[in-house]
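First to last, the sequence lines map onto chains A and B. In this text, residue positions in the first sequence follow our numbering: the first is 1, and each later residue adds one. In this text, residue positions in the second sequence follow our numbering: the first is 1001, and each later residue adds one. Even for Gly, the Cβ is constructed at its ideal location relative to N, Cα and C. Just so it is clear, the structure is predicted and the values come from calculations on it, not from any experiment. Step one of this worksheet: look at the structure below.
There are 2 protein chains.
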Amino acid sequence: MKALILFAHGARDARWAGPFEAIAARIRRAEPGRRVELAFLELMTPDLAEAARRAATAGATRIDVVPLFLGTGGHLRKDLPPLVDGIRAAHPGLDVRLHEAIGENEAVIAAIAAAALAAARFGE
Amino acid sequence: MKALILFAHGARDARWAGPFEAIAARIRRAEPGRRVELAFLELMTPDLAEAARRAATAGATRIDVVPLFLGTGGHLRKDLPPLVDGIRAAHPGLDVRLHEAIGENEAVIAAIAAAALAAARFGE
C-alpha cells in the first residue's frame, strides 16, 4: 500500500488546519486506495515520524512526502531533510520519497494568482 | 488606480519568495492596469505599511490586501488586522479591503490536491 503524507507547518489555532484537511479529504476521494495523512513540523500532531510510523504499521511500502508550503525556506531546506532521513533509518524497508514544496508547482501558482485577482475584483 | 497587495509571511532565505514573485508576475500580466505588490509580515521587505504607502503615493485609491497564506491562524487573525487598521489610519482617503487567506479558496485547494497527488504518482 502507498501512503502520501502531506507535511504542513502547524499552528496554535486549530482552525488553521482547515484547508490542509480539505486538501487531504479531496485526495482521499480522488484515490481511495492510497493512505493520505497530514503531518506537522510543529504545534500540531502527528509529527512526520509518527505519521510515517502509522503508515508503516498499516502496511505502507512506499511513502511520498509532499510539503504543503508555498515557499521553500529554512523549514524545508534544513528542518525537513533530517526528518526524512529519520524515517528511512527507522523503516529500512520503506521507499520514502521527498517532493518539492507545493508552491513551486505552476498549476498551484496559476490557481493562487487567479483566486487573488478574483478576490480583488469582487465588488468592483 | 487600484492596488493589490499580496501579503506573505517572509523568510530568511531569499529563494523562499520565488513562488510569491511568480504569483505577482502572473497577476501583472493578466491585468497590467492594476498595481500588484508583495508585502511581508517579517524577515523580508517591504512590510505592509510601506507597500501601502508606496501604492498611495503612486495614486492608488483602493488597496485590496490578499493574504498568501494557506491556513488562517494567529498571523492572520491577530497580527494582520491591526496592520490594516494602521493603513486606514495613515491614509484616510484610501479604500482598504482585507480578504481571506488564499488557502481558503476552493479552486486553490483543488489545485494543491491535484498537484500533491500528481507528485506522489510520479514514477509509479
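>> Check whether chain D comes within 7 Å of P82(A), counting only Cβ atoms and requiring the distance to be less than that.
In response: Reference to chain D is not applicable here, since the protein chains of this structure are A and B.
>> Strictly under 7 Å for the Cβ-Cβ distance: is R1035(B) near chain A by that measure?
In response: no
> When the Cα atoms are used, what is the spatial distance from G1033(B) to R62(A)?
Replying inline: 48 Å
> Can the beta-carbon of A17(A) be found closer than 7 Å to that of A1107(B)?
Replying inline: no
> Could you give the C-beta distance for T72(A) and A25(A), rounded to a whole number, given that I count them as a contact under 8 Å?
Replying inline: The Cβ separation is near 25 Å, so there is no contact.
>> Tell me the rounded alpha-carbon separation between L83(A) and A49(A).
In response: 7 Å
> For P67(A), does the three-state DSSP call read helix, strand or coil?
Replying inline: strand
>> Under 7 Å, Cβ to Cβ, is there at least one residue of chain B near L41(A)?
In response: no
>> Among A3(A), A30(A), D79(A) and F40(A), whose alpha-carbon lies nearest the alpha-carbon of G59(A)?
In response: A3(A)
> How long is the line joining the alpha carbons of V1066(B) and L1043(B), rounded to whole angstroms?
Replying inline: 19 Å
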